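So the protein sequences, as listed, match chains A and B.
Just so you know, we're using this note's numbering here: the first sequence kicks off at 35 and counts up by one.
Just so you know, we're using this note's numbering here: the second sequence kicks off at 35 and counts up by one.
For glycine and all other residues, C-beta sits at the position ideal for the given N, C-alpha and C.
A quick note: this is a predicted structure, and the numbers were derived from the prediction, not measured.
2 protein chains.
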Amino acid sequence: MPESQSAVDEILTTIRDASRRVTVPKRAVAEALAGANGHLTADAITVEVQRHHPEISPSTVYRILEEFEELKIVVHAHLGRPAAVYHLAGTVHGHLTCHVCNTTFEIPAAHFNTLSRDLKKSFGFQLDRHHVALSGTCTNCLASSRTEV
Amino acid sequence: MPESQSAVDEILTTIRDASRRVTVPKRAVAEALAGANGHLTADAITVEVQRHHPEISPSTVYRILEEFEELKIVVHAHLGRPAAVYHLAGTVHGHLTCHVCNTTFEIPAAHFNTLSRDLKKSFGFQLDRHHVALSGTCTNCLASSRTEV
DNA sequence: TTAGATGCAAAGACTTTGCGCACTT
DNA sequence: AAGTGCGCAAAGTCTTTGCATCTAA
Numbered sequence: 035m036p037e038s039q040s041a042v043d044e045i046l047t048t049i050r051d052a053s054r055r056v057t058v059p060k061r062a063v064a065e066a067l068a069g070a071n072g073h074l075t076a077d078a079i080t081v082e083v084q085r086h087h088p089e090i091s092p093s094t095v096y097r098i099l100e101e102f103e104e105l106k107i108v109v110h111a112h113l114g115r116p117a118a119v120y121h122l123a124g125t126v127h128g129h130l131t132c133h134v135c136n137t138t139f140e141i142p143a144a145h146f147n148t149l150s151r152d153l154k155k156s157f158g159f160q161l162d163r164h165h166v167a168l169s170g171t172c173t174n175c176l177a178s179s180r181t182e183v
Numbered sequence: 035m036p037e038s039q040s041a042v043d044e045i046l047t048t049i050r051d052a053s054r055r056v057t058v059p060k061r062a063v064a065e066a067l068a069g070a071n072g073h074l075t076a077d078a079i080t081v082e083v084q085r086h087h088p089e090i091s092p093s094t095v096y097r098i099l100e101e102f103e104e105l106k107i108v109v110h111a112h113l114g115r116p117a118a119v120y121h122l123a124g125t126v127h128g129h130l131t132c133h134v135c136n137t138t139f140e141i142p143a144a145h146f147n148t149l150s151r152d153l154k155k156s157f158g159f160q161l162d163r164h165h166v167a168l169s170g171t172c173t174n175c176l177a178s179s180r181t182e183v
């Protein structure tokens, strides 16, 4: 997995550049984020991290995620459920969550260009394109609800 | 306040139509929702309700909000913070939350027409227009950040 | 009358914090 | 060697649940 490896290196470099320390737990969280290309709750990250390093505690994961957010390494969003989901910044832009099957899809920021311009013009509101999280129904669930009923 | 009164009546009618019982706590929650024209957390609703009925417990408020959601009386959204916010369904469409001053604005659903069509066409995703919650920076905070720095 | 709703208290899910020791730099 | 970061455990916030009682219909 050469590409997720480079993503990990990039994260570690960012940490060093900010004069923070590179530690085993931080490396593990970076690997978990780079390995899973989707959205992970803090709990899911903890589980993944503990597969290799059982001694790493949830509180450490939260502290690291907080630091990573400061450094713009990750962003988080609150989707349908209370638990927030985290993912690497820059790699992802918008989220579509299906409230039927609870799956989250990622879509390119370009889809928000028109909306973003409109909100700016109409309300002076500057959309944060990293946090766009929309809920609705995905294709699959639309199709099955049609056939089922 | 004749207009919020009619909103309350409408809610109570919906409850009766669904063969649920109309109770003091439900009336109080309905009044809190109709009175505040904005977005309330469950906690804020509880506080408002307890101003008139101190004996009503938070768990009851949660149960009532759950029932109101089933009956499509209210919808909730997860904005920047973990706590969900609730508001009357039908009266509101989209939310813009400023992550600087933490204010939430409501905007008409019409602003999501283009986006909605695009998501449907590109991904087969049916946007739920009641749950649109976007975060960014509002005009005021944009202006002050410009002058401050 | 009687099933459903409530109040209270406890538990559960998610997240933050305090403290002393370990590890990175 | 110096001091940041960690593990553990406890606390904090937000929400759900169990159970006995009460009440709307």
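Beta-bridge partners of residue 170/B, as assigned by DSSP: By one-based count along the second sequence, residue 170/B stands at place 136. DSSP, once it has assigned bridges, lists 161/A and 132/B as partnering residue 170/B.
Unbroken alpha helix (DSSP H) run spanning residue 81/A, endpoints: Taking the first sequence and counting its residues from 1, the one referred to as residue 81/A is at position 47. First-last of the alpha helix (DSSP H) with residue 81/A: 76-86.
Test: residue 166/A CB closer than 8 Å to a CB of chain B: Position 132 of the first sequence, counting from 1, holds the residue named residue 166/A. Chain B, which has a Cβ nearer than 8 Å to the Cβ of residue 166/A, makes this yes.
Per-residue contacts from residue 192/B into chain A (C-beta, under 9 Å): The structure shown does not extend to residue 192/B, since chain B is modelled only from 35 through 183, so no value can be given for it.
Any C-beta of chain B under 8 Å from that of residue 80/A: Looking up residue 80/A in the first sequence gives position 46. No, no contact with chain B.
Classification of residue 175/A by the beta-carbon crowding that lies within 10 angstroms, buried from 16 upward: Mapped onto the first sequence, residue 175/A falls at position 141. With 16 or more other Cβ atoms within 10 Å, it is buried.
Within 8 Å, strictly: CB atoms of residue 138/B and residue 129/B: Residue mapping note: residue 138/B aligns to position 104 of the second sequence, counting from 1. Residue mapping note: residue 129/B aligns to position 95 of the second sequence, counting from 1. Result yes, Cβ atoms of residue 138/B and residue 129/B sit closer than 8 Å.
Chain A within 8 Å of residue 169/B, Cβ atoms only: Here residue 169/B refers to the residue found at position 135 when the second sequence is read from its first residue. Cβ-Cβ to chain A under 8 Å: yes for residue 169/B.
Residue 135/A at chain B interface by Cβ criterion, 8 Å: Here residue 135/A is taken as the residue at index 101 of the first sequence, counted from 1. It does not; no Cβ of chain B falls within 8 Å.
Sequence-distant residues of its chain with Cβ nearer than 7 Å to residue 88/A (five each side left out): If you number the first sequence from 1, residue 88/A lands on position 54. None.
Start-to-end residues for the beta strand (DSSP E) that takes in residue 104/A: Taking the first sequence and counting its residues from 1, one reaches residue 104/A at position 70. Premise fails: residue 104/A lies in the alpha helix (DSSP H), 92-104, not in any beta strand (DSSP E).
For residue 41/B, the three-state DSSP class (helix, strand or coil): In the second sequence, residue 41/B corresponds to position 7, counting from 1. Three-state DSSP puts residue 41/B in a helix.
Helix, strand or coil at residue 177/A [DSSP, three-state]: In the first sequence, residue 177/A corresponds to position 143, counting from 1. Reduced to three states, the DSSP call for residue 177/A is helix.
Where residue 113/B falls: helix, strand or coil (DSSP): Here residue 113/B is taken as the residue at index 79 of the second sequence, counted from 1. In this structure, residue 113/B counts as coil in the three-state DSSP scheme.
Inter-residue Cα distance where the pair is residue 149/A and residue 168/A: Position 115 of the first sequence, counted from the first residue, corresponds to residue 149/A. Position 134 of the first sequence, counted from the first residue, corresponds to residue 168/A. If you take the alpha carbons of residue 149/A and residue 168/A, they lie about 13 Å apart.
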